[in-house]
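Novice: 558 is the number that our numbering gives the last residue of the sequence shown; the numbers go up by one with no jumps.
A virtual CB, placed ideally from N, CA and C, is assigned to each residue, including glycine.
Predicted model, so just to flag it, every value in this text is computed and none were measured.
Just passing along the structure, written as structure tokens.
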Amino acid sequence: MSTPSRVCARCSRIKQRCDGKLPCERCKRMRPFPALRHPTSRTNILAIGLGHVCKPASSGRDTTTRRLRTSRSRGGCLSCKARKKKCDECRPTCSDCRRLNIRCQWRESTPNVELNSPAIIASCSPTSDATEPADTDPTNDPDSGPAMLSPIVPYEAEEFIATLFPHPYPRRNSLALPLDRSPVSVNPHLRTEEDRSLFNHYIRVVSRALCRSHDSDRNPFLVTLLPLAAVSDTVTSVILSLSGCHWKRIYPAIWGSALNRQGKALTQVNQLLGCSDRQSIFESCATVLLLCLTELIDGTSRVWKWHLKAASVILKSHPFQSLVSSDEWAFCVSLFRYLDSMSTISRCKAPLLQNSDSMTELTSSFRRSSVPEVDRSKSTDAIYGISPALFDLLGMVNLLANHRSRRVDELSEIGFRAAAAHIENRINEWRADYDSEILFVDPASDTDRATTAFEWAIRLRLHQIVEGYDLMHELVERSVVTILDSVQQIPYASRVEGCLLFPLVIAGSSSISVERRMVVKERLMVMENTLGFTHIHHARQLLETVWKGGDNPPNANWASVRYSQFPGVVFV
């Protein structure tokens, strides 16, 4: 007489040794809780689906644990099919379309399914697994495939986006838009799926990369521009072109649509310039500035000079004065003066809003506030990131560079060096004032480190203009060490990381050791991914070209290499 087998069903199925206990040691180890002896009890029914139930092996083939047949479904949405992506078929909007914020379209020939049917609720509800009867759950089978992941539901969207980006997600109440509607749905000028994708990319990525404030409620690229874009097709078009210029590095196919929008914005802004009302003036100024910014972050275009000159004319016009002290005026003035100051590195000329470019400007009343006092708590941090006074000093240094060719005799040389000494004294005075103010804030903040790096980049540039590009000079060594020490203390994806491009380029071009060059190159490669702008890649190529030339002073002239081989690069 044969004794009944004491092997449990699971060990028998996988052909492994079983100790014969109920539950066996293997089943205990594979379960998150102890196995139960009575599979039909109420407690076990509630626990089913959370683990394997150890039970004796039965004679014959067990049909209750048969593996489910897999089959292909063609009922996915048309948007996922066009992108060749797997669709979870959750109606009315699948999780992938919800994540990308695009329209979810379905076949008209699909059978009519009630949206409130149990099947749809079970597939879309995140709590359906806990409330469904156990005998209808396909995950009861221990040999079946992994359970289907629940799609991202609306209340999880912001948490999911927060895991993708290191910066905080902009709050809805920071926009002058209805709280129950997204900015994409509010804007009526988005006509195609590509338009909606570009606009969503601007909101999620581009606006954060441009903003250098830790407070998302003070991001003017969202708070100021999105309400304007909701009522202006021109501003919407230029926002889409800016987004496409940022996105084309990893998604080249989108650039065609963005380029069409850029041409449309150029046509429309020409019509707006003939209007003198408050709304049209702000639209035209913001559009021209964003067109200039689009060309600057491209890194290969020289059209930005014409846009910048056009913006300066608009700012000086009488109708624009009607916007004084408003948020719109502060945004336009702040963005223009930032772009104007940074472009002086490439133009080697005075800022466009200066009355004169003579040498007397350096020793007289050059000091001016880049942003009015009433606006220092709004757009300054978001656009500059560091002290605006440094950008005035940078403009003074580059104005001095415009007079290098006039050093023709001893008298002009004396005047040139006197102006350089005056600028250096201005920098020292600014540092003394800054040190007295920083006692009341955190001196080890990222903003303070970026400020130090930018300050010494200005000092090094002033030295190069006066003394040349000798890499062995004592001030060059001190400047490079200070810049790199400050940069290395700033974490990746910091809000002030956009302020580091100019300090990194001038420190990298003045570095002799391979170790320092690799530090600069690595940080620039990180910034290419964290910020995503194309001109950062061209700035790194500029440095690599300088390094290939050797360490002698003529080859270390990065400004000459930029002028001859990279004329479109501006370190914004």
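1. Measure the C-alpha to C-alpha separation of SER558 and ARG93 and round it to an integer number of angstroms.
2. In whole angstroms, what is the alpha-carbon distance linking TYR188 and CYS197?
3. Quick test of your reading: VAL532 and VAL555, contact by CB under 8 Å. State the CB separation rounded to the nearest angstrom.
4. Could you tell me the alpha carbon to alpha carbon distance between ASP263 and GLN257, rounded to whole angstroms?
5. Is it buried or exposed, TYR549, if we count other Cβ atoms within 10 angstroms and call 16 or more buried?
6. Residues in its own chain within less than 7 Å of CYS278 by CB, not counting five upstream and five downstream?
7. For PRO305, which three-state DSSP category applies?
8. Between the stretch 464 to 478 and the stretch 432 to 451, are three or more C-beta pairs nearer than 8 Å?
9. Apply the 10 Å Cβ neighbour rule to GLN551 and answer buried if 16 or more other Cβ atoms are within range, or exposed otherwise.
10. For SER65, which of GLU11, ILE0 and GLU179 has the nearest alpha-carbon?
11. Would you mind sorting ASP203 into buried or exposed? The rule is 16 or more other CB atoms within 10 Å of its CB.
12. ALA216 and VAL172: beta carbons closer than 8 Å?
13. Please identify the residue among ASN384, ASP201, ILE267 and ARG247 whose C-alpha is closest to the C-alpha of LEU214.
14. So, is THR286 buried or exposed, given that buried needs 16 or more other C-beta atoms within 10 angstroms?
15. How do the stretch 388 to 402 and the stretch 221 to 230 stand: do at least 3 beta-carbon pairs fall below 8 Å, yes or no?
16. Spatial neighbours of HIS232 within its chain, please: C-beta separation below 6 Å, excluding the five flanking residues on both sides.
17. Just to check my reading of the structure: GLU314 and THR210 have Cβ atoms closer than 8 Å, yes? What is that Cβ distance to the nearest angstrom?
18. Could you give the DSSP three-state label for CYS334: helix, strand or coil?
19. Let me know the secondary structure DSSP gives PRO374 once reduced to three states.
20. Which first and last residues belong to the alpha helix (DSSP H) in which TRP233 is found?
21. What residues in its chain sit with their C-beta under 7 Å from that of ALA43, if we drop five residues either side in the sequence?
22. Can you give the beta carbon distance from GLY381 to CYS485, rounded, assuming they're within the 8 Å contact cut?
23. Spatial neighbours of ILE522 within its chain, please: C-beta separation below 7 Å, excluding the five flanking residues on both sides.
24. Apart from the five residues on each side of it in sequence, which residues of its chain come closer than 7 Å, Cβ to Cβ, to SER495?
25. Which residues in the same chain as ILE444 place their Cβ atom closer than 8 Å to its Cβ, once the five residues preceding and following it in sequence are excluded?
26. In chain order, what residues of the same chain lie with their CB nearer than 8 Å to the CB of MET328, ignoring the 5 residues before and after it?
27. Are the CB atoms of ARG403 and VAL462 within a distance shorter than 8 Å?
28. What residue does the alpha helix (DSSP H) around THR433 start on, and which one ends it?
29. Below 8 Å on the Cβ atoms is my contact criterion, and I expect ARG481 with SER199 to pass it. Report the Cβ-Cβ distance as a whole number of Å.
30. Below 8 Å CB to CB, which residues in the same chain sit around ARG89 once its five sequence neighbours on both sides are set aside?
31. Let's test the definition: count the other Cβ atoms within 10 Å of the Cβ of PRO25 and tell me whether it reaches 16, buried, or not, exposed.
32. Can you tell me the Cα-Cα spacing of CYS4 and TYR237, whole angstroms?
33. Assuming contact is defined by CB atoms lying nearer than 8 Å, are GLN2 and ARG12 in contact in what I supplied?
34. Tell me the rounded alpha-carbon separation between ILE0 and ARG85.
35. What are the start and end residues of the alpha helix (DSSP H) that includes HIS187?
36. Mapping DSSP to helix, strand and coil, what is PRO566?
Specialist: In terms of the structure at hand:
1. Correcting the residue type first, residue 558 is Val in the shown sequence and not Ser. Their Cα atoms are separated by approximately 47 Å.
2. If you take the alpha carbons of TYR188 and CYS197, they lie about 12 Å apart.
3. Between VAL555 and VAL532 the Cβ distance is about 12 Å, and since that is not below 8 Å, they are no contact.
4. Rounded to whole angstroms, ASP263 to GLN257 spans 13 Å at the Cα level.
5. TYR549 comes out exposed.
6. Once the five neighbours on either side are set aside, the close Cβ partners of CYS278 are TRP290, HIS293, LEU294, ALA297 and LEU325.
7. Three-state result, PRO305: helix.
8. Flag = yes, the stretch 464 to 478 and the stretch 432 to 451 touch.
9. Within 10 angstroms of the beta-carbon of GLN551 lie fewer than 16 other beta-carbons, which makes it exposed.
10. The candidate whose alpha carbon is nearest that of SER65 is GLU179.
11. Classification for ASP203: exposed.
12. Taking the C-beta atoms as reference points, VAL172 is found nearer than 8 Å to ALA216.
13. Checking every option, the nearest Cα to that of LEU214 belongs to ILE267.
14. Per the 10 Å Cβ criterion, exposed.
15. Taking a contact to require three or more Cβ pairs closer than 8 Å, the stretch 388 to 402 and the stretch 221 to 230 do not qualify as touching.
16. Contacts found: VAL192 and GLY518.
17. About 6 Å separates the beta carbon of GLU314 from that of THR210, a gap short enough to meet the 8 Å contact definition.
18. DSSP, reduced to helix, strand and coil, places CYS334 outside both helices and strands of the structure shown, so it counts as coil.
19. Correct three-state label for PRO374: coil.
20. 219 to 233 is the extent of the alpha helix (DSSP H) around TRP233.
21. Cβ-Cβ distances below 7 Å link ALA43 to SER(-9), VAL(-7), CYS(-6), ALA(-5) and SER(-2) in the same chain, with the five nearest sequence neighbours on each side left out; the list follows chain order.
22. Going by Cβ atoms, the distance from GLY381 to CYS485 rounds to 16 Å, so no, they are not a contact pair.
23. Only residues of its own chain outside the window of five on either side were considered, and among them LEU487, LEU510, MET513 and GLU514 have a CB closer than 7 Å to the CB of ILE522, listed in chain order.
24. Cβ contact annotation for SER495 (same chain, cutoff 7 Å, sequence separation greater than five): LEU529, VAL532, ALA542 and TRP544, in chain order.
25. So the list reads LEU376, LEU379, LEU380, VAL383 and ILE413, once near-sequence residues are dropped.
26. Same-chain partners within the cutoff: PHE377, LEU380, PHE488, VAL556, PHE557 and VAL558.
27. Against a cut-off of 8 Å, the Cβ pair of ARG403 and VAL462 comes out as no contact.
28. Unbroken alpha helix (DSSP H) run through THR433: 432 to 453.
29. About 7 Å separates the two Cβ atoms, so the contact holds.
30. Correct list, in chain order: SER65, CYS83, GLU179 and ARG182.
31. Confidence is the limiting factor: at PRO25 the pLDDT is only 42, short of 50, which leaves the residue's position unreliable, though a coordinate-based value still follows. Exposure of PRO25 is indicated by the presence of fewer than 16 other C-beta atoms within 10 angstroms of its C-beta.
32. Each residue's alpha carbon lies about 55 Å from the other.
33. Their beta carbons are under 8 Å apart, which means GLN2 touches ARG12 by this criterion.
34. The straight-line gap from Cα to Cα measures roughly 40 Å.
35. Going by DSSP, HIS187 is part of the alpha helix (DSSP H) stretching over 179 to 187.
36. The structure shown has nothing for residue 566, since the chain only spans -13 to 558.
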